[in-house]
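**Q** Handing you this structure, nothing more for now.
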Amino acid sequence: MGSDVFNQDLCIVNYNEIYSKEWGLNKLNSNFLFYVKHNGISTLEFEFFEFEATLYSPTGNLDYLELYFTVDTSSLKSNMHFRDEHVKSPYFLNSKLFPRITFSSTSKFLGKKLIGELTIKGITKKIIFNQTYLNGTKNSIKNSIHLEMTTSINIEDFGVNYNKINPQGISVVDKSIEILLDLEFDQI
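Note that full-length UniProt numbering has the sequence shown beginning at 1, numbered continuously upward.
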């Protein structure tokens, strides 16, 4: 994963050369998104703007990672206020009763997979995140790593049973949700 790309202060490096056991989230360069099919034709994008995440590497390299995150469910936004409030309502996230989504890894990365427990609406399920990108940088200010992971969940597994059907007989909201974590961490 190393590279020969250089500029004045920045060098892309083999991520295993960056020695750190704990990494803190760089919120300015991180995103927590999810996508859902609506009426069987369009894909809606939602973003959580308030979340915390910590990445641990007990061995000091990135072959072994532990990821923990907490999301504030009331921070969800799309491009439509009414829809946002509907998704925060008891029909879906029930943000007032369940203000947080959490994830705790239960294994190290296995190849490009991270297994852990995701809790939504008080229901905890084992899920697998697929790593789509991992790299690190060293510069004069700090060491950083960028991690991108995806997973798909069934909303019914987490107590969401929104069974509305449109006039064409298609579910208004698909049961499958795609989650994308696009996270940058700085060495602590």
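Built from N, CA and C at the ideal position, the CB exists for glycine as well.
Taking only the alpha-carbon atoms, compute the straight-line gap between Glu148 and Ile123 and give it to the nearest angstrom.
**A** Distance between the alpha carbons of Glu148 and Ile123: 24 Å.
**Q** If you draw a straight line from the C-alpha of Ile115 to the C-alpha of Leu181, how long is it?
**A** Rounded to whole angstroms, Ile115 to Leu181 spans 14 Å at the Cα level.
**Q** Take Asn31 and list the residues in its own chain whose beta-carbon comes closer than 7 Å to its own, dropping the five residues that flank it on each side.
**A** Excluding positions up to five away in sequence, the list reads Glu47 and Asp182.
**Q** Enumerate, from N- to C-terminal direction, the unbroken alpha helix (DSSP H) stretches of 4 or more residues contained entirely within the stretch 19–91.
**A** Correct list: 81–88.
**Q** Determine the burial state of Phe82: buried for a count of at least 16 other Cβ atoms within 10 Å of its Cβ, exposed for fewer.
**A** By the neighbour-count rule (16 or more Cβ atoms within 10 Å), Phe82 is not buried but exposed.
**Q** Can you check whether the C-beta of Thr124 is within less than 8 Å of a C-beta belonging to chain B?
**A** Considering every chain present, this structure includes no chain B. It has just one protein chain.
**Q** For the structure I just gave you, are there three or more beta carbon pairs, one from the stretch 58–75 and one from the stretch 100–110, closer than 8 Å?
**A** Segments in contact, yes.
**Q** If you measure between the beta carbons of Glu45 and Ser78, is that distance less than 8 Å?
**A** For Glu45 and Ser78, yes; Cβs fall inside 8 Å.
**Q** Please return the same chain residues whose Cβ sits closer than 6 Å to the Cβ of Tyr91, not counting the five positions on each side in sequence.
**A** The answer, listed in chain order, is Tyr162.
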